[in-house]
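Novice: One structure, pasted below without further comment.
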Amino acid sequence: MSDATTIMEALNLSVGFEKRTVLENVSVQLTQSQVIAIAGPNGAGKSTLIKTMARQIKPISGSVKLNTTDIWSIRTQEFAGKVAYVPQDIESSTELTVEQMVMLGRNPHQKWWQWYGDSADTDAVKKALTNTEMERLKDKPICQLSGGERQRAALATALAQEPQFMLLDEPTSHLDFKHQNELLALLKRLRADGLGIMIVLHDLNVIARVADSVILIEHSQNEPSHNGESSSRSTNGSSSRVAATGTVEQALSIENLKRVFDVNVTAFNDPLTGEVVYNPFSLQKN
Numbered sequence: 374m375s376d377a378t379t380i381m382e383a384l385n386l387s388v389g390f391e392k393r394t395v396l397e398n399v400s401v402q403l404t405q406s407q408v409i410a411i412a413g414p415n416g417a418g419k420s421t422l423i424k425t426m427a428r429q430i431k432p433i434s435g436s437v438k439l440n441t442t443d444i445w446s447i448r449t450q451e452f453a454g455k456v457a458y459v460p461q462d463i464e465s466s467t468e469l470t471v472e473q474m475v476m477l478g479r480n481p482h483q484k485w486w487q488w489y490g491d492s493a494d495t496d497a498v499k500k501a502l503t504n505t506e507m508e509r510l511k512d513k514p515i516c517q518l519s520g521g522e523r524q525r526a527a528l529a530t531a532l533a534q535e536p537q538f539m540l541l542d543e544p545t546s547h548l549d550f551k552h553q554n555e556l557l558a559l560l561k562r563l564r565a566d567g568l569g570i571m572i573v574l575h576d577l578n579v580i581a582r583v584a585d586s587v588i589l590i591e592h593s594q595n596e597p598s599h600n601g602e603s604s605s606r607s608t609n610g611s612s613s614r615v616a617a618t619g620t621v622e623q624a625l626s627i628e629n630l631k632r633v634f635d636v637n638v639t640a641f642n643d644p645l646t647g648e649v650v651y652n653p654f655s656l657q658k659n
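With the first letter of the sequence shown counted as 1, position 59 gets the number 432 in the working numbering; the numbers rise by one all the way through.
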């Protein structure tokens, strides 16, 4: 995390599968000391975007760059030393212990002749385990962990990489209230230390607590059908696009949320924290 000017950005990115475009013409810039949240309805391509940024999926067109270098031209080990990715689904069948899994995060920093980590590696692993409250479980096999514990082990592995950027796909989905709160506090500390963080989240109130800016993704509207009515999804699926970007208040305005999620929402500032609180409601009476 030494270069405070490093920028990771997607430029005019389009991504698809089996001849169907999922995301269309998406551009986003992530700098260090910043948290960007990706929000949107189910199936809008939030995970697809972050996987493409993480070099898990090749785009149809456009590019993802670290400064001016296309990520696909960077050596795998070098890329892993700069960008850490925590997927939504964590491998649960491995017999590796938590500590062994977290040590894998040090691979980008090790020489080819190293068979195990040196003192810098063990220090980084210990710090990562401590920051995620996984130190007491370090000798436990991954296959014996709960879903929330596996998420924390994966986060510890990413922290051990000591990257410049961290890409997180729904890291709070299996966490209880306590560990969710501690994760958000950790992300704020990492941001203060210079880490750039992109995070997929469903909970708008969690986004309001941690994000500096938001990318709101929506399903593209289709052309009117033969009867003159328009449909939000076509029979073969529709692509998605960026609906809004900006601060939490700008991107997640009541008008934007109504359009993108088709739900009525109230928003107010918490009197204690000053953070925005969102509350969906129904206009239908019981």
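Just so you know, even glycine gets a beta-carbon here, dropped at the ideal spot from N, CA and C.
It should be emphasised that the depicted structure is a prediction, and the values quoted were computed from it without experimental measurement.
To the nearest angstrom, how far is it from the Cα of residue 431 to the Cα of residue 386?
Specialist: Indexing the sequence shown from 1 puts residue 431 at position 58. Indexing the sequence shown from 1 puts residue 386 at position 13. Roughly 10 Å between the two C-alpha positions.
Novice: Below 6 Å, is the gap between the Cβ of residue 625 and the nearest heavy atom of the ligand MN?
Specialist: Summarising the ligand content, the structure contains no ligands, and the ligand MN is consequently not present.
Novice: Using only the alpha-carbon positions, how far apart do residue 605 and residue 401 sit?
Specialist: Taking the first residue of the sequence shown as position 1, residue 605 is located at position 232. Taking the first residue of the sequence shown as position 1, residue 401 is located at position 28. Bear in mind that a pLDDT of 36 at residue 605, under 50, signals an unreliable position, so the number given afterwards is only what the model happens to contain. So the alpha carbons of these two residues sit roughly 24 Å apart.
Novice: Please go through the same chain and pick out, in chain order, the residues whose beta-carbon is closer than 6 Å to the beta-carbon of residue 410, but skip the five residues on each side of it.
Specialist: Walking along the sequence shown from the start, residue 410 turns up at place 37. Within the same chain, residue 410 has close Cβ partners 572, 574, 580, 584 and 587.
Novice: Quick one, are the C-beta atoms of residue 636 and residue 651 less than 7 Å apart?
Specialist: Taking the first residue of the sequence shown as 1, we reach residue 636 at position 263. Taking the first residue of the sequence shown as 1, we reach residue 651 at position 278. Taking the C-beta atoms as reference points, residue 651 is found no nearer than 7 Å to residue 636.
Novice: Taking the beta strand (DSSP E) that residue 647 belongs to, which residues open and close that run?
Specialist: Indexing the sequence shown from 1 puts residue 647 at position 274. According to the DSSP assignment, residue 647 belongs to no beta strand (DSSP E), since it is labelled neither H nor E.
Novice: Consult DSSP for residue 407 and reduce its assignment to one of helix, strand or coil.
Specialist: As a working note, residue 407 is residue 34 in the sequence shown. It is a strand residue.
Novice: When you compare only the Cα positions, how much space is there between residue 515 and residue 508?
Specialist: Locating residue 515 in the sequence shown gives position 142, where the first residue counts as 1. Locating residue 508 in the sequence shown gives position 135, where the first residue counts as 1. If I take the Cα positions, the gap works out to 13 Å.
Novice: Using only the alpha-carbon positions, how far apart do residue 325 and residue 613 sit?
Specialist: One cannot answer for residue 325 here, as it falls past the ends of the chain, which runs 374 to 659.
Novice: Unbroken alpha helix (DSSP H) runs of length 4 or more, entirely within the stretch 622-646: which are they?
Specialist: Annotation: the stretch 622-646 contains the following complete segments of the alpha helix (DSSP H) (minimum length 4 residues), in chain order: 627-634.
Novice: Taking DSSP as the reference, what is the three-state secondary structure of residue 534?
Specialist: For the purposes of this step, residue 534 is taken as residue 161 along the sequence shown, with counting starting at 1. In the structure shown, residue 534 sits in coil (DSSP, three-state: anything other than H, G, I, E or B).
Novice: Straight-line CA distance for residue 551 to residue 435?
Specialist: Locating residue 551 in the sequence shown gives position 178, where the first residue counts as 1. Locating residue 435 in the sequence shown gives position 62, where the first residue counts as 1. Rounded to the nearest angstrom, the two C-alpha atoms are 40 Å apart.
Novice: Rounding to the nearest angstrom, what Cα-Cα distance links residue 619 and residue 458 in this structure?
Specialist: Position 246 of the sequence shown, counting from 1, holds the residue named residue 619. Position 85 of the sequence shown, counting from 1, holds the residue named residue 458. One C-alpha to the other measures close to 23 Å.
Novice: Give the secondary structure of residue 514 by DSSP, where H, G and I count as helix, E and B as strand, and everything else as coil.
Specialist: Translated into the one-based positions of the sequence shown, residue 514 becomes position 141. Residue 514 falls in the strand class under three-state DSSP.
Novice: Could you spell out the range, first to last residue, of the alpha helix (DSSP H) harbouring residue 385?
Specialist: Here residue 385 corresponds to residue number 12 of the sequence shown, with the count starting at 1. No alpha helix (DSSP H) holds residue 385; the beta strand (DSSP E) holding it covers 380-390.
Novice: Going by beta carbon distance, what residues of the same chain come within less than 7 Å of residue 634, once the five residues before and after it are set aside?
Specialist: As a working mapping, residue 634 is identified with position 261 in the sequence shown. Answer for residue 634: 414, listed in chain order.
Novice: Go through its chain and collect everything with a Cβ distance to residue 453's Cβ below 6 Å, but skip five positions before and after it.
Specialist: Here residue 453 corresponds to residue number 80 of the sequence shown, with the count starting at 1. Closer than 6 Å at Cβ, skipping near neighbours: 481.
Novice: Are the Cβ atoms of residue 501 and residue 540 separated by less than 7 Å?
Specialist: Mapped onto the sequence shown, residue 501 falls at position 128. Mapped onto the sequence shown, residue 540 falls at position 167. Contact flag unset, no.
Novice: Roughly how many angstroms lie between the CA atoms of residue 367 and residue 593, to the nearest whole one?
Specialist: Because the chain in this structure spans residues 374 to 659, residue 367 falls outside the shown range and cannot be described.
Novice: Name the DSSP bridge partner or partners of residue 442?
Specialist: Taking the sequence shown and counting its residues from 1, the one referred to as residue 442 is at position 69. According to DSSP, residue 442 bridges with 439.
Novice: Classify residue 629: buried if its beta carbon has 16 or more other beta carbons within 10 angstroms, exposed otherwise.
Specialist: Taking the sequence shown and counting its residues from 1, the one referred to as residue 629 is at position 256. By the neighbour-count rule (16 or more Cβ atoms within 10 Å), residue 629 is buried.
Novice: Note down the Cα distance separating residue 647 from residue 578, rounded to an integer number of angstroms.
Specialist: Counting from 1 along the sequence shown, the entry for residue 647 is found at position 274. Counting from 1 along the sequence shown, the entry for residue 578 is found at position 205. Distance between the alpha carbons of residue 647 and residue 578 is about 12 Å.
Novice: On the three-state DSSP scale, how would you describe residue 448?
Specialist: Sequence index remark: in the sequence shown, residue 448 carries index 75 (1-based). Assignment of residue 448 by DSSP, reduced to helix, strand and coil, places it in the coil class.
Novice: So for residue 507, helix, strand or coil by DSSP?
Specialist: Residue mapping note: residue 507 aligns to position 134 of the sequence shown, counting from 1. DSSP places residue 507 in coil when its eight states are reduced to three.
Novice: Kindly list the residues whose CB is nearer than 8 Å to the CB of residue 518, restricted to its own chain and excluding five residues on each side of it in sequence; keep chain order.
Specialist: As a working mapping, residue 518 is identified with position 145 in the sequence shown. Within the same chain, residue 518 has close Cβ partners 465, 471, 510 and 526.
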